[in-house]
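Asker: Sequential numbering of the sequence shown, starting at 1, is according to full-length UniProt numbering.
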Amino acid sequence: MPSRIGVDPRCGQCTRLNRKCDWNFRWNFTDATTNTQKRFSNVKTEGNAVWDPTTPTSTSPSSYYQRDDLPAFSELKSEEDRERKAESHKPGTFGVIVTPESFHDLPEYAASTSHESSNRRRTSTHSCRGGRSSPRPSPRRATTLPPDPNMVILDRFEDSSSEATMPICSSREDFSESIQALSITSPPYTPSTTSTAATASIREDEELVTHFRQYIVPRLVHPQSEAMRGIASQGSTTDVLEREAARFPPLRHALCAISALNLAYSGHSSLEEAMQNYHQALAASSASNMANDLLSDGVFFRHYLLFVYDICVPMQSDDLGSDMWAKHLTQLQRIAVQRHHHHRGQELHAYTIWNICELDIYACLMGSGTCEFLRTIIQNNMLPHISQQVPKLTMGHTPQLSPHKEQLFSAILRLNEGVLLRAAIIAQRAQNCRAGMVNDQQAALLSPGRLAHWTAIAAQAQNDLLAFWQHALPPQLTSESTNPNTIGDLPDRAKTVFEGALLLYHAMIIYSRTSMFRGQRPIPTATHMDIPQDTERRINTIFTLSNRQIENGQVERRNSVFAIFIAGVASNIDASKVRAIELIRGFEGNGIGQNTARTRQLLVEVREEQRRVVAMGGRMEDVKWLGVARERGLGVANCGL
């Protein structure tokens, strides 16, 4: 075997460029106290012996600290010894630094890297966690930071699997029957085996569940009856989720994770608690590959909540674009098809399927998804009936509607379905246009023929949506753009659906005119000769309706933010862009994560870039907002969550 001593590692970028990689560590320690306190109001330093310089220190440390009879800090081999030595000195004397390598053998990270290690094995370091070989040579347990002997760099956690040096081929006959029966990777779903539940108090868990019921559910389950908010229903609802969470601990962890994430962003919890619950829910995935497990409601809702969680956490994609939310969406796609066949087309939670389709479409419109989930649903004839596209209220609480209003509600649901499905078509065609634009740029030629082809595709998508709206819009609502009181006469749930459909309709007309490909120009059609004027009229309609939602406290309407964003990007009037920014600010802080704040920041950046291009003699349409999002790291999969 050839020696590998003296061969320095190279990162992927340097490997592609065939250059020497400057791989040495550079440690940079910065004081993040001020920024942390600005973000999290519950972080205090007053009275802390380490972080508060005004805290009086004792002149006789021996009266407070135990006698130290241990070796030098850098020579200690276990975490227990380091803790004992630290207790004998003033807080802050010693420090332990962890690096990404420190997490290498923890189970939640080992699962994600097992496929990589199988392709890169050069040496064999036996482990008791399934006998997985490590791609690294045997490391040191800790390295002393040269300038400070009291600061060590921990190579890996002491309780990680690589420290157990039992060979993979060792016999199991030396172990008792009870130990042989233990399973490290697939623990049974009982409360006693969930470490987070053991460390977190029941009261804290109940607070997270209560927050989920009162705050998270209205942002996931809509429309609800304004007069009966919080009433359980038969789809993806409070009652179903909490009942399954009580039976299936991984779902409870997912439920608590998304609640803790929202509370962390508002300064009332910690991201650590959210991440602990998230990884507890995620760790059970390896034990849920049996057919019966995949068909259970608990596994289905667990992936659904983790899918929403990852949409709410802004993370950069890797080279393959494999965001965590997309991986959960792929799992949901597989589970949905299997459940459909198992239940013979009678999906008990069809509303959740529709909700996932909706999230998939909005992700595609933001340049992050592909609408593959929706495509699979349609191909397998799994699209929920319009009556299943809204959550049903519990029997006995359903408000009685007159036959006329019931018929109107059904027409509004059909209208909403048609607009959403046509939005998906526009999103997919926009992806094709952008891909074609990239190919032309690589050929250093922007073909007029191809440009005309993309323009025709955009115009066809726009005309299809216009024709559908004119055909499907109920006659009672034809004056919606001039008389807002017409909407106000609708029942609560019908009004919520119609407002969402109306906002998306106007947003998609604007999107098809401005966001299909870079440099897209407004071209008059037979129905709209003055495109800029018609676009500004639609923008004002979006602003008026969104402003009314804010005034009425309906800030949980997460889809409104997308319409405002597109309106702000497309408007030629700077005052309208400023108004769009302020309207998004009105929805800010009322989602689950911070996507709304990132969307507002993206609109600010797009506005500045448009002004810069126009000042240099260019056109506003030359600015591609998706390009700005990627360049500034402001991409989101959903504007309102």
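Cβ atoms here follow ideal geometry from the backbone N, Cα and C, with glycine treated the same way.
Contact between the segment 565-577 and the segment 596-605: three or more CB pairs below 8 Å?
Answerer: Flag = yes, the segment 565-577 and the segment 596-605 touch.
Asker: What do you get for residue 69, buried or exposed, if any count of 16 or more other CB atoms within 10 angstroms of its CB means buried?
Answerer: The residue given as residue 69 occupies position 69 in the sequence shown. Its Cβ having fewer than 16 others within 10 Å, residue 69 is exposed.
Asker: Distance check for residue 621 and residue 41, CA to CA, integer angstroms please.
Answerer: By 1-based counting over the sequence shown, the position of residue 41 is 41. By 1-based counting over the sequence shown, the position of residue 621 is 621. Their Cα atoms are separated by approximately 41 Å.
Asker: Assuming residue 655 contacts residue 309 (C-beta within less than 8 Å), just tell me the rounded distance between them.
Answerer: Residue 655 lies beyond the stretch modelled for the chain, which goes from 1 to 641, so this question has no answer here.
Asker: To which residues of the same chain is residue 614 closer than 7 Å at the C-beta, ignoring the five residues directly before and after it?
Answerer: Reading the sequence shown from its first residue, position 614 is the one you call residue 614. Excluding sequence neighbours, residue 614 sits near 620.
Asker: Contact check, residue 297 vs residue 349 under 8 Å by CB: the rounded distance?
Answerer: Taking the sequence shown and counting its residues from 1, the one referred to as residue 297 is at position 297. Taking the sequence shown and counting its residues from 1, the one referred to as residue 349 is at position 349. With a Cβ gap of about 7 Å, residue 297 and residue 349 count as contacting.
Asker: List the DSSP bridge partners of residue 95.
Answerer: The count along the sequence shown starts at 1 and reaches residue 95 at position 95. BP columns for residue 95 point to 151.
Asker: List the endpoints of the continuous alpha helix (DSSP H) containing residue 644.
Answerer: Since the first residue shown for the chain is 1 and the last is 641, residue 644 is missing from the structure and cannot be characterised.
Asker: Would you check if the distance between the CB atom of residue 215 and the CB atom of residue 593 is smaller than 8 Å?
Answerer: Taking the first residue of the sequence shown as position 1, residue 215 is located at position 215. Taking the first residue of the sequence shown as position 1, residue 593 is located at position 593. No; because the gap between Cβ atoms is not below 8 Å, this pair is not in contact.
Asker: I'd like the ranges of any alpha helix (DSSP H) spanning at least 4 consecutive residues and lying wholly in the segment 318-352.
Answerer: The qualifying runs are 324-342.
Asker: Smallest Cα separation from residue 549: which of 561, 539 and 538?
Answerer: The count along the sequence shown starts at 1 and reaches residue 549 at position 549. For residue 549, the nearest C-alpha among the options comes from 561.
Asker: Under a Cβ-count criterion, where at least 16 other Cβ atoms within 10 Å of its own Cβ denotes burial, should residue 546 be classed as buried or exposed?
Answerer: Mapped onto the sequence shown, residue 546 falls at position 546. Buried is the call here.
Asker: Please name the residue, chosen from 376, 220, 241 and 475, that lies closest to residue 312 on a Cα-to-Cα basis.
Answerer: Locating residue 312 in the sequence shown gives position 312, counting from the first residue. Of 376, 220, 241 and 475, the residue nearest in Cα terms is 220.
Asker: How far does the alpha helix (DSSP H) with residue 272 in it extend, from its first residue to its last?
Answerer: As a first step, residue 272 is located in the sequence shown; it is residue number 272 there, counting from the start. Looking at the DSSP string, the run of the alpha helix (DSSP H) that includes residue 272 is 271-283.
Asker: Would DSSP call residue 550 helix, strand or coil?
Answerer: On the sequence shown, residue 550 is found 550 positions in, with the first residue counted as 1. Three-state result, residue 550: helix.
Asker: Since I believe residue 563 is in contact with residue 507 (beta carbons under 8 Å), could you give me their beta-carbon distance rounded to a whole number of angstroms?
Answerer: Residue mapping note: residue 507 aligns to position 507 of the sequence shown, counting from 1. Residue mapping note: residue 563 aligns to position 563 of the sequence shown, counting from 1. Yes, residue 507 and residue 563 are in contact; Cβ-Cβ is about 4 Å, under 8 Å.
Asker: Is it the case that the segment 415-429 contacts the segment 356-365, given that we only count it when at least three CB pairs across the two stretches are under 8 Å?
Answerer: Output reads yes: the segment 415-429 touches the segment 356-365.
Asker: Using alpha carbons as the reference points, say which of 72, 328 and 476 lies closest to residue 407.
Answerer: As a working mapping, residue 407 is identified with position 407 in the sequence shown. It is 476 whose Cα lies nearest to the Cα of residue 407.
Asker: Got a sec, what are the start and stop residues for the alpha helix (DSSP H) residue 449 sits in?
Answerer: Counting from one through the sequence shown, the residue named residue 449 turns up at place 449. It spans 448-472 - the alpha helix (DSSP H) in which residue 449 sits, taken as one unbroken run.
Asker: Report the rounded CA-to-CA distance for residue 449 versus residue 512, giving the unit in angstroms.
Answerer: Your numbering for residue 449 matches position 449 in the sequence shown. Your numbering for residue 512 matches position 512 in the sequence shown. For residue 449 and residue 512, the distance between alpha carbons rounds to 19 Å.
Asker: Need the endpoints of the alpha helix (DSSP H) that residue 512 sits in, please.
Answerer: For the purposes of this step, residue 512 is identified with residue 512 of the sequence shown, where counting begins at 1. Its alpha helix (DSSP H) spans residues 492-514.
Asker: Check residue 623 in the structure and name its three-state DSSP category.
Answerer: As a first step, residue 623 is located in the sequence shown; it is residue number 623 there, counting from the start. Here residue 623 sits in coil by DSSP.
Asker: I need the straight-line Cα distance from residue 357 to residue 373, nearest angstrom please.
Answerer: Your numbering for residue 357 matches position 357 in the sequence shown. Your numbering for residue 373 matches position 373 in the sequence shown. When rounded, the distance between both Cα atoms is 7 Å.
Asker: Measure the C-alpha to C-alpha separation of residue 55 and residue 36 and round it to an integer number of angstroms.
Answerer: Walking along the sequence shown from the start, residue 55 turns up at place 55. Walking along the sequence shown from the start, residue 36 turns up at place 36. If I take the Cα positions, the gap works out to 20 Å.
Asker: Tell me the rounded alpha-carbon separation between residue 412 and residue 212.
Answerer: Here residue 412 refers to the residue found at position 412 when the sequence shown is read from its first residue. Here residue 212 refers to the residue found at position 212 when the sequence shown is read from its first residue. Rounded to whole angstroms, residue 412 to residue 212 spans 29 Å at the Cα level.
Asker: Exposed or buried, residue 521, counting other C-beta atoms within 10 Å across all chains shown (16 or more means buried)?
Answerer: For the purposes of this step, residue 521 is taken as residue 521 along the sequence shown, with counting starting at 1. Residue 521 comes out exposed.
Asker: Rounded to a whole number of angstroms, what is the C-alpha to C-alpha distance between residue 543 and residue 502?
Answerer: Sequence index remark: in the sequence shown, residue 543 carries index 543 (1-based). Sequence index remark: in the sequence shown, residue 502 carries index 502 (1-based). Each residue's alpha carbon lies about 12 Å from the other.
Asker: Rounded to whole angstroms, what is the Cα-Cα separation between residue 277 and residue 206?
Answerer: One-based indexing of the sequence shown puts residue 277 at position 277. One-based indexing of the sequence shown puts residue 206 at position 206. Whole-angstrom Cα-Cα distance: 14 Å.
Asker: In whole angstroms, give me the CA-to-CA distance for residue 539 and residue 624.
Answerer: The residue you call residue 539 lines up with position 539 of the sequence shown. The residue you call residue 624 lines up with position 624 of the sequence shown. If I take the Cα positions, the gap works out to 19 Å.
Asker: Once you ignore the five residues that flank residue 695 on each side, which residues in its own chain have a CB closer than 8 Å to its CB?
Answerer: Any question about residue 695 goes unanswered here, given that the chain covers just 1 to 641.
Asker: In terms of residue numbering, what span does the alpha helix (DSSP H) encompassing residue 584 cover?
Answerer: Along the sequence shown, read from residue 1 onward, the residue named residue 584 stands at position 584. Per DSSP, residue 584 belongs to the alpha helix (DSSP H) from 574-587.
Asker: Specify the secondary structure class of residue 637 as computed by DSSP and reduced to three states.
Answerer: For the purposes of this step, residue 637 is taken as residue 637 along the sequence shown, with counting starting at 1. Residue 637 falls in the coil class under three-state DSSP.
Asker: Please report the straight-line C-alpha distance between residue 377 and residue 387, rounded to a whole angstrom.
Answerer: Within the sequence shown, residue 377 is the residue found at index 377, counting from 1. Within the sequence shown, residue 387 is the residue found at index 387, counting from 1. Rounded to whole angstroms, residue 377 to residue 387 spans 17 Å at the Cα level.
Asker: In three-state terms, what does DSSP make of residue 32?
Answerer: For this step, residue 32 is matched to residue 32 along the sequence shown. It is coil, neither helix nor strand.
Asker: Can you grab the Cα-Cα spacing for the pair residue 365 / residue 76, in whole Å?
Answerer: Along the sequence shown, one-based indexing puts residue 365 at 365. Along the sequence shown, one-based indexing puts residue 76 at 76. Roughly 55 Å separates the two Cα atoms.
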